[in-house]
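Sequential numbering of the sequence shown, starting at 1021, is according to the numbering used here. C-beta: ideal position from N, C-alpha, C; glycine also. Quick caveat, the model's predicted, so the values are computed rather than measured.
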Amino acid sequence: MENNSLKNRHLKREEIFDYHNQKLTPAEMHLIEMHLQECSLCDEAMNGVSKMDDSLKTINIMRDLRKKGRLKFYKKRKIFTLLDFNSLLIILFLIGMLIFLAFFIFKLK
1021 MENNSLKNRH LKREEIFDYH NQKLTPAEMH LIEMHLQECS LCDEAMNGVS KMDDSLKTIN
1081 IMRDLRKKGR LKFYKKRKIF TLLDFNSLLI ILFLIGMLIF LAFFIFKLK
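Spelled out as structure tokens, the structure:
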């Protein structure tokens, strides 16, 4: 980065992203901070990069939550398993036997 040329120009895209990602030396960071105080256009560009970064983080978080939510949803949708079917058959058989025994007992009286 050219140290003395910041007064006569706007920040380059690379300088904005390097500053945002903290890839510059402390001296370069200080120079850009001084420039941002004087140049409202570069300051707006820096704010835009920060908002864009926050939006991307939000989008990624929402995507991850949706994926996790879908996995939970599909696990919950598993309504009727083979074990449930076997249990239902046993219960129906027992109810049938109770009805048959009740009918048989009342018929004997």
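Annotated three-state conformation of residue 1059 is coil, per DSSP.
Counting every other CB atom within 10 Å of its CB across the protein chains shown gives residue 1035 a total of 16 or more, marking it as buried. When only Cα atoms are considered, residue 1039 and residue 1052 end up about 8 angstroms apart. In this structure the stretch 1045 to 1062 lies against the stretch 1025 to 1033, because at least three pairs of beta carbons, one per stretch, are closer than 8 angstroms.
For residue 1040, the uninterrupted alpha helix (DSSP H) run begins and ends at 1033 to 1040, by DSSP. Residue 1045 carries a coil assignment under DSSP once its states are collapsed to helix, strand and coil. The closest CA to that of residue 1037, considering only 1128, 1107, 1066, is found on 1066.
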